[in-house]
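> Before I ask anything, let me first share the structure, which is written out below as structure tokens.
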């Protein structure tokens, strides 16, 4: 008999996605038992900003063939908390000529967090 509990998920649930004119929009739901909510914080679990950045890089890598790491980050803004069960949209826009990825997380049409990743060879 296997008595070990399943590990908590480490990624959001992908509800839907679409691409239009190079802009990728992914609709996501944050699982109630997401691993990153454990201990961050016990009384008010929130999704760490570092995880939001990592997910943007990972989702972009799969869809836009960009690296999973970047040279630098710019214009990072964390405006609202992301909580267990939240349904959010992740918008990814790759600016190939400048080797930059713009990302924005939105909930109910309002920006939650955003930023820009820049890779080697970027023209400033």
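Residue numbers (my numbering): 32 to 155. For each residue, glycine too, the CB sits at the ideal point set by N, CA and C. Note that the structure is a prediction, hence the values are computed from the model and not measured.
By how many angstroms is the C-alpha of residue 60 removed from the C-alpha of residue 44?
Approximately 5 Å between the Cα atoms of the pair.
> Within 8 Å, do at least three Cβ pairs link the segment 109-117 to the segment 84-96?
The segment 84-96 is not in contact with the segment 109-117.
> Under the three-state reduction of DSSP, which class applies to residue 83: helix, strand or coil?
Residue state, collapsed to three classes: helix.
> What do you get for residue 134, buried or exposed, if any count of 16 or more other CB atoms within 10 angstroms of its CB means buried?
Counting Cβ neighbours within 10 Å, residue 134 comes out buried, since at least 16 surround it.
> Specify the secondary structure class of residue 77 as computed by DSSP and reduced to three states.
DSSP places residue 77 in coil when its eight states are reduced to three.
> Give the DSSP bridge partners of residue 144, in chain order.
BP columns for residue 144 point to 109, 136.
> Based on the DSSP secondary-structure assignment, which residues constitute the bridge partners of residue 55?
50, 123, per the DSSP bridge assignment.
> Per DSSP, which one or two residues make a beta bridge with residue 45?
Partner(s): 59.
> Applying the criterion that 16 or more other CB atoms from any shown protein chain within 10 Å of the CB defines a buried residue, is residue 68 buried or exposed?
The residue in question, residue 68, is buried, as its Cβ has 16 or more Cβ neighbours within 10 Å.
> Suppose the cutoff is 7 Å on Cβ atoms and the five residues either side in sequence are ignored; what does the same chain contact list for residue 142 look like?
The residues are 110, 135.
> Quick check: the Cα distance between residue 131 and residue 55, rounded to an integer number of angstroms?
Taking the straight line from one Cα to the other gives about 14 Å.
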